[in-house]
Amino acid sequence: MSEVQAPVTYVPPKARSLFEPHRLVLMAVAAGLVFCMAWFMRWDWLPRYQERLIYGVGQTLLMLFSTAIVGFLFAVPLGLAQVTGPRPLAWAARGFCTLIRGTPLLLQLWLLYYGLGSLFAQYPEIRSSFLWPYLRQAWPYGFAALMLSFAAYEGEVMRGAFAGVPKGELEAARAYGMGRFTLFRRIWLPRAVQRALPTLTGETVLQLKSTPLVATVTVVDVYAIISRVRQETYLTYEPLLLLALIYLCLTGMLVYAFKLLENRIPNRGA
Amino acid sequence: MADTAQAIEVKGLFKRFGPLEVLKGVSLTANQGDVIALIGGSGSGKSTFLRCINLLELPTAGQVTIHGETIAMKKDGNGGLMPSNRRQVQRIRTKLGMVFQSFNLWQHMTVMQNVIEVPVHVLGQPRDQAIEVAEALLRRVGLYEKRDAYPAFMSGGQQQRAAIARALAIQPLVMLFDEPTSALDPELVGEVLTVIGDLAREKRTMILVTHEMKFARQVANHVVFLHGGLIEEQGSPEAIFEDPQSERLKKFISSVH
Amino acid sequence: MADTAQAIEVKGLFKRFGPLEVLKGVSLTANQGDVIALIGGSGSGKSTFLRCINLLELPTAGQVTIHGETIAMKKDGNGGLMPSNRRQVQRIRTKLGMVFQSFNLWQHMTVMQNVIEVPVHVLGQPRDQAIEVAEALLRRVGLYEKRDAYPAFMSGGQQQRAAIARALAIQPLVMLFDEPTSALDPELVGEVLTVIGDLAREKRTMILVTHEMKFARQVANHVVFLHGGLIEEQGSPEAIFEDPQSERLKKFISSVH
Amino acid sequence: MDATLTLLSFSPPGWGGVLLAGLLASLQVAFGGYLLGLLIGTGGAAGKLWGGPILRDLLEVYTTVVRGVPELVLILILYYAGTDAVNQVMHLLGLPSVDISGLAAGIFVIGVVQGAYATEVLRGAILAVPPGQIEAARAYGMSPLMSLRRITLPAMLPYALPGLSNLWLIATKDTALLAVVGFAELTLVTRQAAGTTKAYLTFFLAAGALYLAVTLVSNVVISMLEKRARRGMVRSGGAA
Amino acid sequence: AQELKIGVAAEPYPPFSSPDASGKWVGWEIEFIDALCGEAKVKCVVTPVAWDGIIPALTTKKIDAIIGSMSITPEREKTIAFSDKYYNTPAAVIGPKGQKFDATPEGLKGKILGVQVSTVSADYAKKYFAPVVSEIKEYQTQDEANQDLAAGRIDATQADLITLQAFLDSDQGKACCETKGNVKDDPEILGAGIGIGLRQEDKALKDKFNAAIKAVRANGTYAAISKKYFDFDIYGK
Ligand SMILES: Nc1ncnc2c1ncn2[C@@H]1O[C@H](COP(=O)(O)OP(=O)(O)OP(=O)(O)O)[C@@H](O)[C@H]1O
Ligand SMILES: Nc1ncnc2c1ncn2[C@@H]1O[C@H](COP(=O)(O)OP(=O)(O)OP(=O)(O)O)[C@@H](O)[C@H]1O
Ligand SMILES: [Mg+2]
Ligand SMILES: [Mg+2]
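Here you go:
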């Protein structure tokens, strides 16, 4: 799409003291709000669902990490093919990325689950194969949809990152006699990943936020558990607020983990 | 590789960028231990010539021989040349140390990692040994304290010295310098001069592109003036600077003095 | 504004960046038509001094007077100074033409647009007239053909000349040059020298920071050597270059020659 | 094949008309939400860069929360709580409760979500403008407002455009999430059509094609805009 | 006149309510709404709302009543009010052809059972079948459960007999599935029937609707509508 993805890096506000006067006031207001919520809203259902909620969080994280890791493994060749691949390969990679990025994930998920899934069922060969016990479950479709989506979005990011590695650094590697593979492994890939890291953080958070969609095809994640709470207790706000809080915490942890990773390689304005 | 006296021999080098013919048949021979200074106006093709020697730029025509080994080339489809043996090119390149005009340090590595990268991962030296050599080199260019810094956090002069150390670490037979002092203040220029002087004394062959005539004069034993894609004039520093023959060179020299 | 003989008067300028005190009380007076060259090692505070004159950097203490008008300053909360009258600062700045070390051309405008931007949008000149002036200026710096090019597509030397044209377009009383020849090859340096010489003949006041001693010597009528945050020595070019007094300056000069 | 064509024809018994109406609804919400998001984003970026400490902290909370919570959840919360709050306020003012249409609610929800992202995109773009450019403007005596108008805003455009175009594409697709609150946009009507006719594959593929068409058309417009905004910038060439 | 927003599930629930190809809502319940509102002399607008959020939509006043085949349950009555029932049909279990089992805990042992979330069938299944089946899968709509049954991803689904019958009568249903019988009645869960969901404070509206239900039953409109869709009396006992 765009030639150069300006890295919209997230710049945290200046780490000032947490205890400036206006912050204390804001924190007091926040504490008051939380207190009101705890006091005036109904939370008696919480203990009953505690165990299932923890299970749900586990499922959500499992879904996130498995799809992000496998998706990234696909993203690297997708990005590379677009930058240096032979024409047909570059076009194929580009087409795939456009296709996935151009349609809603929800739709892809349904297409896979209700469309492809019921096609499978029409073939007795598949129904009797050893794969069927997996194919009749929902999570493989959720996994596939999320993984492909991550691969496509990251493929685009990696394309920009590969293309953005300063040409001179690659030339230097070539000038010192590095072969193509060594050059890729030692210089091009690590440098591209380094450049892509800030964007990757954002994309992984987006991926986390996409996981609840799998609940619509009966995969049980934390969102599905909360939906169940809502349907069984008929509470409108409480379960949703808890859900928002859970996701906020997960996001916070993710961002922190990536920060640690980023800090290992100082990178000034690259 | 035969230890001939001829370290580099370039014959009839042509290079064209689209409609622009930058080099129009440049031939140059450097004997072992020679320090050749390449001077010329901006855009006269000095960097391009250096880059053609190690095939970072593919010449349109011509032949390059390093220590007796001629780089095998074949015609590509578009009227240019391409190397016929990739491995040979890689091997020869490890004998050529290049210091780029814009340094081109690997930004994701510290200075030390930059210096040992090629010895360890291309030449297959043991890591410990490479580090030992690197430390000595970094001391020599005055960067020992900065060995764990990343390039982005160093001044231009420091980056330039790191790039020199990186090139020296592969113990090249021939060093190619592209404006090695452009980012340095007068005092640091002196230091780099010393390093290059030492290298010359070790009988290492060098070709250096420079805008600083004083520097060229002090360090080179042969000066080549590029103009209009050709070698307009060449000779000893004294001959070139004190007694230029061609009009162009006279004008160039006078504008400098 | 009184047409006093004193174009710039800087008194007791201090500047501190956090723990680092870069300027420790620098005073300097430039009469109208003076060309003052500022020399000194890398990091000695030359750029900072220039930037303090037009308040791009707020001095920690000190006073700046341009053509008799003293920039009104008041204490800010943190032990530094801030201008008490914003409009005054803006007005005075339009009398100071600055050529930055890194050019700082506006990348989204062509050379011509860069040059007429301030005359049209700040000084309110009619567009036609501004273009006329700009064309003459661009001819003078040899960029007339490049007037519709964007800065990113020009060589460093061309950008530098465009930046000079931009500064001249506001017909400043005082020109501040930060290394105006750093990106130029020897021949172009000569051209810029001519431009600066012309300006001097027009009785325009100039302060220029430079690493090129030869250039300083040819163009300046007064040379200032900054060291350790203070003016270590100043005087006529002959005095400074032929007969330096302080040890530091001697060392600095000798490393150059 | 014939049956498929009948299903997709524009007049009943074909569902083509319904799908197109859904697409139109989606585009309306996407467009409205995007514009609202841009407005919020411009204010937000300005507030974060130049606002007072309290404003900055509040904006930080806003962007953090919105960007950390799934859109699906935000849409549910905003849809119920947002309209609820409006009516509470109307009630307090003694006015009759207003009837908030699905369209307005959808635009509001998408706008609030987009606003948080737009804030960060615009702020990042403004910060990406080389400080020297702004310094030069100051050095020549431009007032802060003028240097914002003449230098900062046009100079940040090339940095902001990729992010902003991404946001537009996200907006068109986020409308699909409004299905969970029963807003009859493309995804929901697709689901209804599929459920009623049992032709799941046909309708999901048709909807996919419609979304893809929107993306492709958008891409053409975006690349035209980018070409304009990026005049004067060197293309970063592919390394090889 | 006052305009009432009548919430129906946005997901198709044939033959009670589903959109047709022109985007209009049709079905037994839609006609019932027309009759009821005509009787009560109020203007009604059919408003599709996601089933998942239909109760919050009612309590936050996005709609004024739910006529969406919603069963009257004690749990729901904590949050909203219900009118008298307007129909009641038994719950049944269907499964693939060729597999022999019946709608009892013994029959469903080890099977995967699909239900629609927050329906009485889901509650019933959780109470009676949860201990024996291998898994209970919950779907947003009954239609999706039916799809998965046809695709072989679940072994059985429990729901309202009428909707299941509608599925079994479709081409797809005919090809794959058959009824395995009605589940044993449990009045506490299944007994109360289907009512109109209302806000607890709207007492007047509740009385109005109760009167209207009585009236349409008495004047034969109810039977006339039903005859178009069913060949038995869906009002139940
Ligand atoms: N990749 C390229 N594509 C097209 N033109 C090129 C390319 N590289 C260099 N040129 C052109 O070739 C000419 C010679 O460039 P080169 O970099 O060799 O000059 P140089 O003598 O090193 O100049 P300088 O002293 O400014 O570094 C210039 O006109 C330049 O614009
Ligand atoms: N914004 C800043 N914040 C902190 N330190 C700064 C800042 N600007 C400059 N310095 C420091 O102040 C010192 C003087 O910098 P200045 O740019 O004035 O040097 P200079 O004499 O112009 O050097 P050069 O010849 O390399 O351009 C340097 O040590 C520099 O690191
Ligand atoms: Mg060069
Ligand atoms: Mg400086």
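Protein chains in written order, with the working numbering: chain R, 732 to 1001; chain Y, 139 to 395; chain L, 139 to 395; chain V, 210 to 449; chain P, -18 to 218. The C-beta atom is built at its ideal place from N, Cα and C for all residues, glycine as well. The structure displayed is predicted, hence computed values, not measured ones.
Within-8 Å CB hit, residue i to chain Y
i	result
Gln925 of chain R	yes
Gly295 of chain L	yes
Gly891 of chain R	no
Sequence-distant residues of the same chain with beta carbon closer than 7 Å to residue i, five excluded per side
i	result
Glu934 of chain R	Tyr884, Glu885, Val888
Arg189 of chain V	Given a span of 210 to 449 for chain V in the structure shown, any question on residue 189 of chain V remains unanswerable.
Val960 of chain R	Trp776, Tyr780, Pro970
Arg890 of chain R	Gly810, Gln813, Val814
Phe353 of chain Y	Thr319, Val327, Leu331
Cutoff 8 Å: residue i Cβ touching any chain R Cβ
i	result
Tyr204 of chain P	It should be pointed out that residue 204 of chain P corresponds to Ala in this sequence rather than to Tyr. Output row for Ala204 of chain P: interface = no.
Ser445 of chain V	Summary for Ser445 of chain V: the model assigns pLDDT 41, below 50, so the residue's position carries little reliability, and this model does not support an answer.
Asp33 of chain P	yes
Ile92 of chain Y	Because residue 92 of chain Y is not part of the residues shown, which for chain Y are 139 to 395, the question remains open.
Glu169 of chain P	no
Whether residue i touches residue j by CB criterion (8 Å)
i	j	result
Ala126 of chain P	Gly95 of chain P	yes
Glu370 of chain Y	Leu387 of chain Y	yes
Gln121 of chain P	Trp32 of chain P	yes
Ile272 of chain Y	Val253 of chain Y	According to the sequence as given, residue 272 of chain Y is Ala; it is not Ile. The answer is yes: Cβ separation under 8 Å.
Gln160 of chain V	Trp244 of chain L	The question about residue 160 of chain V has no answer here: the residues shown for chain V are numbered 210 through 449.
Leu985 of chain R	Val936 of chain R	yes
Ala396 of chain V	Pro835 of chain R	The sequence given here has Thr at residue 396 of chain V, not Ala. Taking 8 Å as the Cβ cut-off, Thr396 of chain V and Pro835 of chain R qualify as a contacting pair.
Sequence-distant residues of the same chain with beta carbon closer than 6 Å to residue i, five excluded per side
i	result
Leu368 of chain L	Lys162
Lys378 of chain L	A small fix is needed here, since residue 378 of chain L is Ile in this sequence, not Lys. The residues are Val361.
Close beta carbons around residue i, own chain, < 8 Å, minus the five adjacent residues each side
i	result
Leu434 of chain V	Leu370, Ser374
CB contact check: residue i to chain V, cutoff 8 Å
i	result
Ala821 of chain R	no
Val960 of chain R	no
Val260 of chain L	yes
His205 of chain L	no
Residue i burial status per 10 Å Cβ neighbour count (16 or more: buried)
i	result
Trp919 of chain R	buried
Lys153 of chain Y	buried
Gly311 of chain V	buried
Leu314 of chain L	buried
Leu901 of chain R	buried
Asp381 of chain L	exposed
Gly(-12) of chain P	buried
Tyr872 of chain R	buried
Arg444 of chain V	Caution applies to Arg444 of chain V, whose pLDDT of 47 falls short of 50 and renders its modelled position unreliable; the model cannot decide the point.
is_contact[residue i, chain P] using C-beta, thresh 8 Å
i	result
Tyr854 of chain R	no
Tyr845 of chain R	yes
Opposing strand residues paired with residue i [DSSP bridges]
i	result
Tyr282 of chain L	According to DSSP, which records beta bridges pairwise, Tyr282 of chain L is partnered with nothing at all.
Tyr68 of chain P	P:Ile175
Gly235 of chain Y	Y:Met313
Glu207 of chain Y	Y:Ile204
Gln372 of chain L	L:Val362
Lys162 of chain Y	Y:Phe152
Ala175 of chain Y	Y:Leu346, Y:Val361
Ile146 of chain Y	Y:Ala168, Y:Ile204
Cutoff 8 Å: residue i Cβ touching any chain L Cβ
i	result
Ser393 of chain Y	yes
Ser180 of chain Y	yes
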